[in-house]
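J.: Let me give you the structure first, and then I'll get to my questions.
Numbering (this note's numbering), first residue to last: 4 to 123.
Structure below.
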């Protein structure tokens, strides 16, 4: 792998090394959401979520779509989706028992041991 590619991979992992950004990406795995919807979903203030989204957008992990005055965010592509899903599922294996994604539970959409209590 070329050095410039290694640098890009490191930047992606740097983006994933923040709990709020992981929550944002996980929230976007199966849908697109506005900043306010994301803020409500993860239980963080909209300005904070907006700053994280700007970083994720610069790293090409999320993309945007405008509808009127609302901007909707979604994952950039299927590779980003797979990276996020695999990271969450791998984390589930660190807990006791059978991971939720192996049981087919409805709780699969929740981040392991880090939910804020916000409604889905």
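Here a beta-carbon is modelled for each residue, glycine too, at the ideal position from N, C-alpha and C.
For residue 60, does the three-state DSSP call read helix, strand or coil?
T.: For this step, residue 60 is matched to residue 57 along the chain shown. DSSP places residue 60 in helix when its eight states are reduced to three.
J.: Closest to residue 31 by C-alpha separation, out of 51, 18 and 64, would be which residue?
T.: Sequence index remark: in the chain shown, residue 31 carries index 28 (1-based). Here the closest residue by C-alpha is 64.
J.: Put residue 34 into one of helix, strand or coil per three-state DSSP.
T.: Counted from its first residue, the chain shown places residue 34 at position 31. If DSSP states are grouped into helix, strand and coil, residue 34 belongs with coil.
J.: Taking the alpha-carbon positions, what's the residue 62 to residue 10 distance?
T.: Residue mapping note: residue 62 aligns to position 59 of the chain shown, counting from 1. Residue mapping note: residue 10 aligns to position 7 of the chain shown, counting from 1. Approximately 12 Å, taken between the alpha carbons.
J.: List the whole-angstrom C-beta distance separating residue 24 from residue 78, where the pair is believed to meet the contact cut-off of C-beta under 8 Å.
T.: Mapped onto the chain shown, residue 24 falls at position 21. Mapped onto the chain shown, residue 78 falls at position 75. In fact, because the Cβ distance is near 12 Å, the residues do not count as touching under 8 Å.
J.: Checking the sheet assignment: what are the DSSP bridge partners for residue 74?
T.: Here residue 74 corresponds to residue number 71 of the chain shown, with the count starting at 1. Answer is 69.
J.: Rounded to a whole number of angstroms, what is the C-alpha to C-alpha distance between residue 97 and residue 39?
T.: Locating residue 97 in the chain shown gives position 94, where the first residue counts as 1. Locating residue 39 in the chain shown gives position 36, where the first residue counts as 1. In a straight line, the C-alpha of residue 97 is about 32 Å away from that of residue 39.
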